[in-house]
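Some notes on the structure that comes next.
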Amino acid sequence: MTRPSRAVVAVLTAALLSLAAPSFAAAPAGAHPRSQADISATARRSSPPRPATAARSILKLINHERAAAGLDELTVDPALAEIAATWSRRMARSNRLAHNPSLRAQVSEAAPGWRRLGENVGFGSDVTTLHRAFMASAGHRGNVLGNFDRIGIGVVVANGRTWVTVDFVRS
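Residue numbers are given in numbering that gives the first Met the number 0: position 49 of the sequence shown equals residue 48, and the series is strictly consecutive.
Rendered as structure tokens:
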């Protein structure tokens, strides 16, 4: 039996936490574990990603999924990106995965008049692995393909982990 990767466990943990705050993320279904070959390939990567490069990669992956589903691309909102980056730094510092309990208030200040809000959080070895885990989880996939128009992405690399916060907003 294949053991689930840390990224999958992290996403599932975030999914369970999201049940306590359903306005931030829907209750996702179980993610599928990666194969041993995927895990080994990830382990061979030697240099951690730069946060700005990783954030651009996540945006590209998300917008690719949206285009494949016939949806408009999301536009990066610098204020949302700062909220997401601050939250990723906090998770990395505490070494604890959690949704941002102040997200509603922070987004209300940064983007008054928003109508819909979502958040995906996770940690893992790289952003591609995290994106795959998000897409394998119904709730996180729902955010990626949801009725949003703006996005903020925060990435922090610390202690051998890539911590990611993706905040989604509909104006």
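Every residue, glycine too, gets a C-beta built ideally from N, C-alpha and C.
- Taking the Cβ atoms as the reference, Gly112 lies roughly 7 Å from Ser170, within the contact range of under 8 Å.
- Rounded to whole angstroms, the gap between the alpha carbons of Trp162 and Ala51 is 13 Å.
- Contact between Val165 and Ile152 holds, since their C-beta atoms are separated by about 5 Å, short of 8 Å.
- Residues of the same chain with a CB within less than 6 Å of the CB of Ala91, apart from the 5 flanking positions on each side, are Val155, Ala157, Trp162 in chain order.
- Taking the CA atoms as reference points, Val143 sits about 6 Å from Ile61.
- Phe133: member of the alpha helix (DSSP H) spanning 126 to 134, first to last residue.
- Going by beta carbons, Ile82 and Ala109 fall inside the 8 Å limit.
- The continuous alpha helix (DSSP H) containing Glu64 extends over residues 50 to 67.
- Around the C-beta of Arg95, fewer than 16 other C-beta atoms lie within 10 Å, and the residue is accordingly described as exposed.
- Gly117 is classed as buried because its beta carbon has at least 16 other beta carbons within 10 Å across all chains shown.
- Residue Ala54 holds the alpha-carbon nearest to the alpha-carbon of Asp76 among Phe133, Ala54, Arg140.
- Annotation: Asn99 to Met134 spans about 20 Å, alpha carbon to alpha carbon.
- According to DSSP, Arg115 shares a beta bridge with Arg169.
- For Ala67 and Ser107, the gap between their C-alpha atoms comes out near 31 Å.
- In this structure, the straight-line span from the alpha carbon of Ala104 to that of Ala84 is close to 16 Å.
- With contacts defined as CB atoms closer than 8 Å, Leu129 and Gly141 fail to qualify as a contacting pair.
- By the Cβ neighbour-count rule, His139 is buried, with 16 or more other Cβ atoms within 10 Å of its own.
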